[in-house]
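Participant: A single structure is presented below for examination.
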Amino acid sequence: MYSILICAALGVIVLLVAMLGFKLAWWGALLIGLVVFSLAFFFLSRYISKQLMTILEQAGKDLQGQRFEKAIREMKEALRFGSWQLYVTDQINSQIGMAYYIRRDFSNAFPYLEKSFFKNWVAMGMLAICYMKRQKRDKMEKTFEKAVQWNGKESLLWNLYAYCLAEECGDKSKAIAVLEKGLKKMPGDSAITENLENLQAGRKVKMRSFGDPWYQFHLESLGQLQKHQMAAMGGRMQKRMTVRR
Numbered sequence: 562m563y564s565i566l567i568c569a570a571l572g573v574i575v576l577l578v579a580m581l582g583f584k585l586a587w588w589g590a591l592l593i594g595l596v597v598f599s600l601a602f603f604f605l606s607r608y609i610s611k612q613l614m615t616i617l618e619q620a621g622k623d624l625q626g627q628r629f630e631k632a633i634r635e636m637k638e639a640l641r642f643g644s645w646q647l648y649v650t651d652q653i654n655s656q657i658g659m660a661y662y663i664r665r666d667f668s669n670a671f672p673y674l675e676k677s678f679f680k681n682w683v684a685m686g687m688l689a690i691c692y693m694k695r696q697k698r699d700k701m702e703k704t705f706e707k708a709v710q711w712n713g714k715e716s717l718l719w720n721l722y723a724y725c726l727a728e729e730c731g732d733k734s735k736a737i738a739v740l741e742k743g744l745k746k747m748p749g750d751s752a753i754t755e756n757l758e759n760l761q762a763g764r765k766v767k768m769r770s771f772g773d774p775w776y777q778f779h780l781e782s783l784g785q786l787q788k789h790q791m792a793a794m795g796g797r798m799q800k801r802m803t804v805r806r
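What follows is the structure, encoded as structure tokens:
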């Protein structure tokens with residue numbers, strides 16, 4: 562990464578000047594060099610982060626305003642900072658892949674999700690689903706395992722993993738094992754507990770309680786989603802009518 566190399570070079574120069582020019586002991590020169598490296602790295606990283614956040618914040622506003630193509634261009638523009646700081650490229654690829662995926666442009670989403678940041682569990686979940694839909698269950702499971710390894714406190718992630726195994730791959734026994742593992746990471750989690758009981762009783766995994774974060778994965782058909790929305794709307798209307806009476 563450029564920022565580390567530049568700051569390290571600056572630290573070495575200061576160290577040599579302190580030793581050769583000011584005749585300081587090696588340990589004193591080394592201490593000064595480390596201080597210079599740390600300060601230079603802090604301020605350079607802060608500057609780059611501010612530049613990056615400005616671009617990504619604007620991209621976020623454009624996504625909210627349905628200016629999708631403009632937002633994608635802005636996020637791709639931010640990739641130029643990838644050579645300066647660790648994991649920047651991976652994080653931006655995650656955001657681009659998620660944006661394509663949410664719009665159901667799975668073919669364009671896939672190559673970006675493949676390069677996504679392992680701590681972005683939403684992007685990792687989307688990547689696992691892409692592998693599943695491409696009949697690559699082994700890669701799906703490896704991706705989910707990596708995601709839960711680094712994001713073990715995300716209830717939706719554990720339930721999503723179990724849903725894909727049970728409802729999409731037909732492997733309920735493995736889904737039960739996943740939820741049992743998730744419950745050890747998140748003792749008392751109501752969603753994990755409920756779906757574990759559902760599977761053990763031969764029922765389906767229920768995900769709708771997660772709301773929009775669940776629907777962004779597009780594992781329910783548009784017809785099912787519309788049916789759910791209409792049912793919810795009908796329930797609200799019936800409630801209003803009952804109150805008026």
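With the sequence shown counted from 1, adding 561 to any position gets you the numbering used here.
Backbone N, C-alpha and C fix where the C-beta goes; we use that ideal spot for every residue, glycine too.
Look at the alpha carbon of LEU740 and the alpha carbon of MET747, and state the distance between them as a whole number of angstroms.
Facilitator: Whole-angstrom Cα-Cα distance: 10 Å.
Participant: For THR650, which of SER734, GLY686, PHE678 has the nearest alpha-carbon?
Facilitator: Here the closest residue by C-alpha is PHE678.
Participant: Which of the three DSSP states, helix, strand or coil, is assigned to ALA586?
Facilitator: Note: ALA586 maps to coil in three-state DSSP.
Participant: Counting Cβ pairs closer than 8 Å, one from the stretch 730-739 and one from the stretch 753-762, do we hit at least three?
Facilitator: The answer is yes - the stretch 753-762 touches the stretch 730-739, with three or more Cβ pairs under 8 Å.
Participant: Since PHE778 contacts MET687 with CB under 8 Å, what's their CB separation in whole angstroms?
Facilitator: Rounded, the Cβ-Cβ distance is 7 Å, consistent with contact.
Participant: Answer yes or no: does any C-beta atom of chain E fall closer than 8 Å to that of GLN761?
Facilitator: Considering every chain present, this structure includes no chain E. It has just one protein chain.
Participant: Would you tell me roughly how many angstroms separate the C-alpha atoms of LEU576 and LEU591, rounded to the nearest one?
Facilitator: Roughly 6 Å between the two C-alpha positions.
Participant: Taking 8 Å as the cut-off, decide whether the C-beta atoms of GLN646 and SER606 are in contact.
Facilitator: Taking 8 Å as the Cβ cut-off, GLN646 and SER606 qualify as a contacting pair.
Participant: Name the two residues that bound the continuous alpha helix (DSSP H) containing SER751.
Facilitator: Segment 751-761, the alpha helix (DSSP H) holding SER751.
Participant: For MET701 and CYS691, what's the separation of their Cα atoms in angstroms?
Facilitator: Going by the C-alpha atoms only, they are around 8 Å apart.
Participant: So TYR724 and LEU780 are in contact, right, with Cβ under 8 Å, and what is the actual spacing, rounded?
Facilitator: With 8 Å as the limit, TYR724 and LEU780 qualify as a contact, their Cβ atoms being about 7 Å apart.
Participant: Tell me which residues share the same chain as MET636 and place their Cβ nearer than 8 Å to its Cβ, disregarding the 5 neighbours each side in the sequence.
Facilitator: Result list for MET636: ILE616, LEU617, ALA620, ILE653, GLN656, ILE657, ALA660, in chain order.
Participant: Report the rounded CA-to-CA distance for ARG805 versus GLY626, giving the unit in angstroms.
Facilitator: Annotation note: pLDDT 43 at ARG805 (below 50); position unreliable, coordinate value reported separately. Roughly 37 Å separates the two Cα atoms.
Participant: Given a cut-off of 8 Å, decide if ASN712 and VAL766 are closer than it, judged by their beta-carbon atoms.
Facilitator: Cβ atoms of VAL766 and ASN712: not closer than 8 Å.
Participant: So the candidates are PHE705, GLU755, LEU571; which of them puts its Cα closest to the Cα of ILE593?
Facilitator: Of PHE705, GLU755, LEU571, the residue nearest in Cα terms is LEU571.
Participant: Quick check: what's the CA-CA separation for LYS707 versus LEU718?
Facilitator: Cα to Cα, the separation comes out at about 11 Å.
Participant: Using the C-alpha atoms, what's the distance from VAL573 back to MET580?
Facilitator: C-alpha separation (whole angstroms): 11 Å.
Participant: How many angstroms separate the CA atom of MET693 from the CA atom of PHE642?
Facilitator: C-alpha separation (whole angstroms): 32 Å.
Participant: Return the first residue and the last residue of the alpha helix (DSSP H) that TYR648 is part of.
Facilitator: Run containing TYR648: none; DSSP gives neither H nor E here.
Participant: Helix, strand or coil, according to DSSP, for TYR661 in the structure here?
Facilitator: In this structure, TYR661 counts as helix in the three-state DSSP scheme.
Participant: What does the alpha-carbon distance come out to for the pair ALA561 and TYR776?
Facilitator: What is shown of the chain runs 562 to 806, which leaves residue 561 out entirely.
Participant: Going by beta carbon distance, what residues of the same chain come within less than 7 Å of ASP750, once the five residues before and after it are set aside?
Facilitator: Counting only Cβ-Cβ distances below 7 Å, and skipping sequence neighbours, we find SER716, LEU744.
Participant: According to DSSP, simplified to helix, strand and coil, what is VAL766?
Facilitator: Residue state, collapsed to three classes: coil.
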